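Each residue of the sequence shown is one higher than the one before, counting from 21 in my numbering. Idealized CB from N, CA, C, for every residue including glycine. What you are looking at is a predicted structure, and each value in this text was computed from that prediction instead of being measured. Reading through the structure tokens given below for one structure.
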Amino acid sequence: MIYPNIIQYLYESPVKWVLLFLHWIMFSLPLIITLMTNDLSILVMINMLLFMILTINIIYQNCPVTI
21 MIYPNIIQYL YESPVKWVLL FLHWIMFSLP LIITLMTNDL SILVMINMLL
71 FMILTINIIY QNCPVTI
């Protein structure tokens, strides 16, 4: 029964909802921008942002939003 534990974990503190929302934004916003644009400079900037997030994740062994 993993679902009740996740629900209880999220309801323990409102900060966890904010972190969940920030993770969702960090994933969906670059994806939406990438799909909606055809400008090369914007695509390069999104690529640099995603590369930076991945690099920080590898270095610190944790998500950049939660550290």
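Taking the C-alpha atoms as reference points, what is the distance between residue i and residue j?
i	j	result
Met46	Thr57	17 Å
Leu39	Leu60	30 Å
Lys36	Tyr80	20 Å
Ile76	Met68	12 Å
Ser33	Val64	37 Å
Leaving out five residues on either side along the sequence, give the residues of the same chain with a beta carbon under 6 Å from the beta carbon of residue i.
i	result
Pro54	Strictly speaking, residue 54 in this sequence is Thr, with Pro absent from that position. Ile66, listed in sequence order.
Trp44	none
Please determine whether the Cβ atom of residue i lies at a distance below 7 Å from any heavy atom of the ligand GTP.
i	result
Asn77	By its list of ligands, the structure shown contains no ligand whatsoever, and the ligand GTP lies outside what it can speak to.
Excluding sequence positions up to five away, which residues of its chain have a Cβ less than 7 Å from the Cβ of residue i?
i	result
Ile62	Ile53
Which same chain residues, not among the five before or five after residue i, have their C-beta less than 8 Å away from its C-beta?
i	result
Leu70	Pro50
Ser48	none
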